[in-house]
Structure formats: structure tokens, C-alpha cells
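Trainee: Please see the structure below; I have some questions.
There are 2 protein chains.
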Amino acid sequence: MSRRGMTVGELARRSGVSVRTLHHYETVGLLMPAGRTEAGYRLYDDADVVRLHQIRSLRQLVFGLEQVRELLDGKGFSPLQVIELHIAQLRQQIDGQQRLSVRLEGIAATLRAAAQVSVDELLTTMEERTRMESYYTPEQLAELQERGRQLGEDGLRRAEADWQQLIDEVRAEMERGTDPASERVKALASRWQALVEAFTGGNPEIGSSLQRMWQQDETIHGFDTAEMRKLGGYIAQASAGATPEA
Amino acid sequence: MSRRGMTVGELARRSGVSVRTLHHYETVGLLMPAGRTEAGYRLYDDADVVRLHQIRSLRQLVFGLEQVRELLDGKGFSPLQVIELHIAQLRQQIDGQQRLSVRLEGIAATLRAAAQVSVDELLTTMEERTRMESYYTPEQLAELQERGRQLGEDGLRRAEADWQQLIDEVRAEMERGTDPASERVKALASRWQALVEAFTGGNPEIGSSLQRMWQQDETIHGFDTAEMRKLGGYIAQASAGATPEA
DNA sequence: CCTTGGCCCTCACGCGACGTGAGGGTCTAT
DNA sequence: ATAGACCCTCACGTCGCGTGAGGGCCAAGG
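Take a look at the structure:
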């Protein structure tokens, strides 16, 4: 049977490709059947079987049937060049996808900590992520993300609530005109420092990146930076009075 | 101007997308212009500008305009679900591409060491790689590849030539009926062991994988394993006589 | 008023590697 | 003769637009 040639269906079954694929390979000139019956049925011989195997093999490694044909027909670039080119392209793709993946992870983590996850939330989270990516280095981002992961969703929510609570208290004291050197404000100041510390993880570079964000952006994760700067100044007075640090 | 709405061209310039893209977004119902002039010109308003930004943002993160529309229209899955699904898909893709990349590296390395790089070479190298992938674990493959990389192309070619040379000599002695216990054959045996050692790098698991290949495959990298087994037996006799090792 | 140049419009094909019918012959066994 | 399995050749759909083709709309200059 394979002596006299096999039909498309047979070849398809034996080699695991679809009949349509074989048709397609013929129309693009990649695999022409050795002959036809009087009725017009395609007949493939052993050489065709071999070539099909080659095609399927190369297909996994290479971009595009066109290149496969060029390889098999010996035109175009040398196999090694094609492979190396492909490797380079693959690397780029992988790189881009990995960056995207990291980005998505970060966004997903933030979303998971959010109460309700609307598209608005998603969009603002994305914007924030973009801004963060412009302030922090990839390593710093990874560090922040890792710390967030350890905290967990509840931990993140709690941290955010802590900030909100602290800000409210500080604002209240400031509006009341409490002396920054008072014990009450000093207590607030140390809570403030603790929260900043919890965020930066003691990494001074992350601290300075955060500073830059505070200075240059108008809002960070829903907090108004203008007010934060004011409150921060107040807190700084308390800290300066409380501890002899710069 | 943006009060009364802007034309496609303006919107395109201001947001960095092509006019065609805006047309396309309209035909798929993703971004419908707020209105039209009497002459039929599309007019976009500020809300459209916002929506376009949203579309472009989501577009980077998500597979397909369809999903973008579902997200923006609030139908279908929740943003977080979509993101997580996308992450999973991305991971899979990255995984597959990385495996492919490793595979290509291995093939490229082998090809670089080959004298002439024909498509035949490529195909047989691929087959061999496939066989190797079925015998060695990924870690072992990585180890082998690393060792090959350190040898360099010339080193690999030299190793291959060494084997060929050694095999010829061993065969000659065997055909001549030389006693395996003779000094001459013992010298060959130690060279043999050294070459095997150089290949396995002293890793016994790689050694046993190699054994299995020798036993089960008919040819390895162009060497006839049937003959290799015979020669190996002869060498083993010499080694047994030479050293008291098992 | 007419022209010129720069907008805009609506089709509609092209890309890549096939999937999926539609509509209709061929072969084999009953 | 007929059923059922196989084969044939179109030809459209996929996805996100790019790239014309062929033709109106509009503002400014001659």
C-alpha cells in the first residue's frame, strides 16, 4: 500500500496531521504529493512521508512555513543562522512576556487587596503601577511586591487602614494646633516612622524613591500627596524634637 | 475644539493610535464616536478620549479586543479573574517558549561544532536531541550542555575525533585478537575511561543514562552502538584485568 | 469661481496556518 | 443499486489592524 502511495487520509492518520493541513502544504508548495490517481486523488509516496516528518520537525523550531520551505529547499539562510535568529527572537519574546507577567502579578496583588474590584479599580491600579515603574527600579519593585506578598491581602488592607487612621489623627492634632514637641504628637511620629519603615523594609533606596514620588506626584494610592507633605512636615518637627537624628 | 469634539485625525495624533485603528474600534463596537458631522465625519468627545486611553491600557494586559470590551462594558468575568487567567496563560506560554529556547540552544551548540551545517545535519541533530531528551532529565541535559559550552566548538570536535581515533584503534586490536589483558589494550582502556569521564563529568546518573542509551538505541551521534557494545565489552575485560574495580 | 492640498468617508484585500463547512464526485462492500 | 466512507475543489472565518482604491468635504490662494 505504501509501495504504490497512500491517500491524504492515510497519510494524515499515520502522521498525525489533518487532511486540511496536507492540502494547505500543497497549496503553499511545501509538500507536493508524488502523484494523483485518475480520479484526482492525491497519492503520497515514502519520500513524501519523510518530507512531511521533516516539515513537522522544523515546524516546531522555526517561525513560519515559509522558512521551513526555504530550509528544506536549501535557499535563504543557513540552518544555523535561522536557528540563532529564532533564538534571539524567542529571547525577546520571553523577556517581554516576563516583564508583562511581573506587571500583571503586581496589579493582581493590589487588586486582591482591594475591597471591590471594578474596572475603575483596575485602571487606577494600572496607572499607579505605571507610575511606580517609573520611580522604582525593577529590583525595588520586586522587593516591594515580595513584602506585599508576605503581608497578604488582609495585611495590605490593614496597613492601608492604619495609614488612614494615623493621617486622620495627625490632621486632627495639627488642626487643633498641638505642639509638635508634645508627647502625643511624638507618639504619632513614631507610628508614622514605623509605617514608613514597614513599607520601605529599611531599604534606604526605596525610601528615597518614595520621597521622590511624594514630591512629584499628586496622589499615591489614593492619598493626596499635598496634604501628606504638610502632615509629613509636622511629623518631622516632632521627630526632630524627639530624637537627635537628622 | 475639544469642546465640540475632535475628528479622527486629531484624536489619532493626540493619542498615538492610527486612524485605521479608530475605525476598527468602531466597527467592532469598542469605541463609538460621540457623533458625526453632517458630512459624516466622526466626532469624538472627551469621554471618548478617556475611553480610548482605557482601551489602550487594557490592551497591553489582556488577550483580545473582545475581552477589553467585556471588561469595559462590565460583562463577562471580573477584572481580577481576567487578569489571573491571563497570568496563567502567560506562564504557560513562557514555559513552553523557555523549553523551546533551551532545546534550540542545544541544537545550535551541536550544529556549531559540526563541520558543515546542512539541513540533514539539522534534522539528525534534532532527532538526536529528541532522543536525548527522552533519556536525560532536564538537569542532566543542562549539565551536559554546560560542559559542552565550556569545551567550545573545537573542543567538541576534538572530543569526537578522539573517540573516532580510539574506536579505530580498539577495533584494530580486537580484530588482531590482542589479549585484553595486554598493556597495549589496558592503555586503550584507560583512554576510553577518560573519554567517558570527560563526557559524564563524573556524574554517575549521567553515566547510567548514557548506558541506557547505548543499550537501547542503535546509533548515538553517528556511532554504531552495536559495535560500541562489542568494543565496550572488550575494553571492560581489559579494565577488569587492570584494576580491581567492579 | 476654480483649483490645490489636506482632510475625511466607505469598501475591501492581505497577513498565517490552517478549521470548517458546502457542494459534489469516487470507491468499496453489501 | 445504494449506503457509507473517502476524496475533490472552492471559499469564508479567524485577529488586529495596514494599506491602498476611489471618491467627497473644506479652507486658502490665484
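So the sequence lines, in the order shown, correspond to chains A and B. Counting from 1, one number per residue, gives the positions in the first sequence under the working numbering. Counting from 247, one number per residue, gives the positions in the second sequence under the working numbering. Ideal Cβ positions, reconstructed from N, Cα and C, are used throughout, including at glycine.
Is there a Cβ of chain B sitting closer than 9 Å to that of L231 of chain A, yes or no?
Mentor: no
Trainee: Let me see if you follow: with CB-CB separation under 9 Å, is Q67 of chain A close to chain B or not?
Mentor: no
Trainee: Beta carbons nearer than 8 Å to chain B: which residues of the segment 8-36 of chain A have them?
Mentor: none
Trainee: Q344 of chain B touches chain A at which residues, Cβ-Cβ below 8 Å?
Mentor: What Q344 of chain B touches in chain A, judged by beta-carbon distance under 8 Å, is I94, going in chain order.
Trainee: Pick from A:Q89, A:V82, A:L104, A:I83: whose alpha carbon is nearest that of R337 of chain B?
Mentor: For R337 of chain B, the nearest C-alpha among the options comes from A:L104.
Trainee: Go ahead and label D73 of chain A buried or exposed: buried means 16 or more other beta carbons lie within 10 angstroms of its beta carbon, across all protein chains shown.
Mentor: Result: exposed.
Trainee: Could you pull out every residue in the same chain whose Cβ sits closer than 7 Å to the Cβ of P490 of chain B, ignoring the five residues on either side in sequence?
Mentor: Any reading at P490 of chain B needs caution, since the residue's pLDDT is 45, under 50, leaving its predicted position unreliable; the model's value is listed next. Excluding sequence neighbours, P490 of chain B sits near nothing in its chain.
Trainee: Check whether the segment 232-241 of chain A touches the segment 176-184 of chain A, counting contact only when three or more Cβ pairs, one atom from each stretch, lie closer than 8 Å.
Mentor: Contact between the segment 232-241 of chain A and the segment 176-184 of chain A is present: 3 or more CB-CB pairs across the two stretches fall below 8 Å.
Trainee: What is the residue span of the alpha helix (DSSP H) that H467 of chain B lies within?
Mentor: For H467 of chain B, there is no enclosing alpha helix (DSSP H), since its DSSP letter is neither H nor E.
Trainee: Roughly how many angstroms lie between the CA atoms of G251 of chain B and P279 of chain B, to the nearest whole one?
Mentor: 9 Å
Trainee: Using a Cβ cut-off of 9 Å (strictly closer), state whether P325 of chain B contacts chain A.
Mentor: yes
Trainee: I want to know whether the segment 316-335 of chain B touches the segment 369-377 of chain B - three or more CB-CB distances under 8 Å.
Mentor: no
Trainee: Report whether the distance from the Cβ of A361 of chain B to the nearest heavy atom of the ligand NAP is below 8 Å.
Mentor: The model depicted lacks the ligand NAP and carries no ligand whatsoever.
Trainee: Residues bridged to G281 of chain B by DSSP?
Mentor: B:L289
Trainee: Compute the distance between the beta-carbons of R297 of chain B and L289 of chain B, then report whether it is under 9 Å.
Mentor: With contacts defined by Cβ atoms closer than 9 Å, R297 of chain B and L289 of chain B do not form a contacting pair.
Trainee: Contact defined as beta carbons within less than 8 Å: I believe P79 of chain A pairs with V365 of chain B. What is the distance between those atoms, to the nearest angstrom?
Mentor: 6 Å
Trainee: Taking the C-alpha atoms as reference points, what is the distance between M247 of chain B and V68 of chain A?
Mentor: Annotation note: pLDDT 41 at M247 of chain B (below 50); position unreliable, coordinate value reported separately. Using only the alpha carbons, I get a separation of about 53 Å.
Trainee: Do you know offhand how far M459 of chain B's Cα is from Y381 of chain B's?
Mentor: 7 Å
Trainee: Report the residue from B:G352, B:E451, B:P450, B:E415 whose alpha carbon sits nearest the alpha carbon of W438 of chain B.
Mentor: Comparing alpha-carbon positions, the option among B:G352, B:E451, B:P450, B:E415 lying closest to W438 of chain B turns out to be B:E415.
Trainee: Report yes or no: do three or more beta-carbon pairs, one from the segment 257-264 of chain B and one from the segment 215-224 of chain A, lie closer than 8 Å?
Mentor: no
Trainee: For Q164 of chain A, decide whether its Cβ has a neighbour in chain B, counting only Cβ atoms nearer than 9 Å.
Mentor: no
Trainee: Is M372 of chain B close to chain A? Criterion is C-beta to C-beta, closer than 9 Å.
Mentor: yes
Trainee: Rounded to the nearest angstrom, how far is the Cβ of L122 of chain A from that of R171 of chain A, given a contact under 8 Å?
Mentor: Contact between L122 of chain A and R171 of chain A fails: their C-beta atoms lie close to 30 Å from each other, not under 8 Å.
Trainee: Straight-line CA distance for E18 of chain A to L311 of chain B?
Mentor: One detail in the question is off: residue 18 of chain A reads as Ser in this sequence, not Glu. So the alpha carbons of these two residues sit roughly 30 Å apart.
Trainee: Which residues, taken in chain order from the segment 116-146 of chain A, show a beta carbon closer than 8 Å to some beta carbon of chain B?
Mentor: Listed in sequence order: V117, S118, V119, E121, L122, L123, M126, E127.
Trainee: Going by other Cβ atoms of all chains shown within 10 Å of its Cβ, with 16 needed for buried, is T273 of chain B buried or exposed?
Mentor: exposed
Trainee: Report the rounded CA-to-CA distance for R112 of chain A versus G152 of chain A, giving the unit in angstroms.
Mentor: 9 Å
Trainee: Looking at D470 of chain B and L441 of chain B, is the spacing between their C-beta atoms short of 9 Å?
Mentor: It is not a contact, given that the beta carbons lie outside the stated cut-off.
Trainee: Count the other C-beta atoms from every protein chain shown that fall within 10 angstroms of the C-beta of S454 of chain B, then say buried if there are 16 or more, exposed otherwise.
Mentor: exposed
Trainee: Write down the C-beta distance between G394 of chain B and L402 of chain B rounded to the nearest angstrom, noting that I regard them as a contact closer than 8 Å.
Mentor: 6 Å
Trainee: With distances taken between CB atoms, is the gap from L434 of chain B to E421 of chain B smaller than 9 Å?
Mentor: Result no, Cβ atoms of L434 of chain B and E421 of chain B do not sit closer than 9 Å.
Trainee: What does the Cβ neighbour count give for T446 of chain B, buried or exposed, with the cut at 16 atoms within 10 Å?
Mentor: buried
Trainee: Would V328 of chain B pass as a contact of L317 of chain B if the rule is Cβ separation under 9 Å?
Mentor: yes
Trainee: So which residues on chain A does H332 of chain B lean against when the C-beta distance must stay under 8 Å?
Mentor: Below the 8 Å Cβ cutoff, chain A contributes L104 as neighbours of H332 of chain B, in chain order.
Trainee: Taking the beta carbon of G479 of chain B as the centre, do at least 16 other beta carbons fall within 10 Å, making it buried, or is it exposed?
Mentor: exposed
Trainee: Are G352 of chain B and Q391 of chain B touching if we call contact CB-CB under 9 Å?
Mentor: A distance below 9 Å separates the beta carbons of G352 of chain B and Q391 of chain B.
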